[in-house]
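The number in our numbering is simply the position in the sequence shown, starting from 1, with 10 added.
Ideal Cβ placement from N, Cα and C applies to all residues, glycine included.
If you're wondering where the values come from, they're calculated on a predicted model, not measured in any experiment.
Structure, as structure tokens:
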Amino acid sequence: MLYARPSRASTHRRNVVEQITEQRRAHIRRLLQIEASVFAEGGQPVWAAQVIDIARMGVGFILAEKLPERPRYWIRFRFPDSPIVDEAEMIIVYSRPIGSKGRYHYGGRILHVSQECRERIVEYVTRGNRYMT
11 MLYARPSRAS
21 THRRNVVEQI
31 TEQRRAHIRR
41 LLQIEASVFA
51 EGGQPVWAAQ
61 VIDIARMGVG
71 FILAEKLPER
81 PRYWIRFRFP
91 DSPIVDEAEM
101 IIVYSRPIGS
111 KGRYHYGGRI
121 LHVSQECRER
131 IVEYVTRGNR
141 YMT
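Here is the structure:
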């Protein structure tokens, strides 16, 4: 039986992709779908968002429009079945248009969040606990 060896070019591409993935995913993330609000300093304007993944130091979300350039944003969200509203300060580190309806996928690096919120994020990511208080 013959086995094809991967070409040097394909091995290099795979290594580059793995390096990029590791850089973007420095912490374990967990997928979820929850409604959220993104806002700029001062609380205005507010954009409706859908969080699609979360980690101890980052959050991925979808918006119906492109965000204006700002140094910092805040995101407000609630984990599934939790009465607690959490808020995190973040910078946008990734954005790209998705689909044909003008929506955007964003990645935010969390700069500041309460210790309690960080603990809820870690609990959700590691255990998937749906009933966090």
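In chain order, what residues of the same chain lie with their CB nearer than 6 Å to the CB of residue i, ignoring the 5 residues before and after it?
i: Gly117; result: Gly70, Val103 and Tyr104
i: Ala74; result: Arg113
Rounded to the nearest angstrom, what separates residue i and residue j at their Cα positions?
i: Arg130; j: Gly112; result: 32 Å
i: Arg24; j: Pro93; result: Annotation note: pLDDT 41 at Arg24 (below 50); position unreliable, coordinate value reported separately. Spanning the two alpha carbons is a distance of roughly 43 Å.
i: Leu207; j: Phe89; result: The chain is shown only over 11 to 143; residue 207 falls outside these bounds and no answer can be derived.
i: Glu133; j: Lys76; result: 31 Å
i: Ala50; j: Arg137; result: 31 Å
i: Asp63; j: Gly53; result: 23 Å
i: Glu214; j: Arg106; result: It is not possible to answer for residue 214, since the shown part of the chain is limited to 11 through 143.
i: Asp91; j: Ser110; result: 32 Å
Below 8 Å CB to CB, which residues in the same chain sit around residue i once its five sequence neighbours on both sides are set aside?
i: Ile108; result: Ile72, Tyr114 and His115
I believe residue i touches residue j by the beta-carbon criterion, under 8 Å. Please report the beta-carbon distance rounded to the nearest angstrom.
i: Val56; j: Ser47; result: 5 Å
i: Ala59; j: Ile85; result: 7 Å
i: Ala98; j: Val135; result: About 14 Å separates the two Cβ atoms, so there is no contact after all.
With a CB to CB cut of under 7 Å and the five nearest residues on each side skipped, what residues in its chain are close to residue i?
i: Val87; result: One detail in the question is off: residue 87 reads as Phe in this sequence, not Val. Excluding positions up to five away in sequence, the list reads Ile44, Ala46, Val61 and Asp96.
Less than 8 Å separating the beta-carbons of residue i and residue j?
i: Arg128; j: Ile101; result: no
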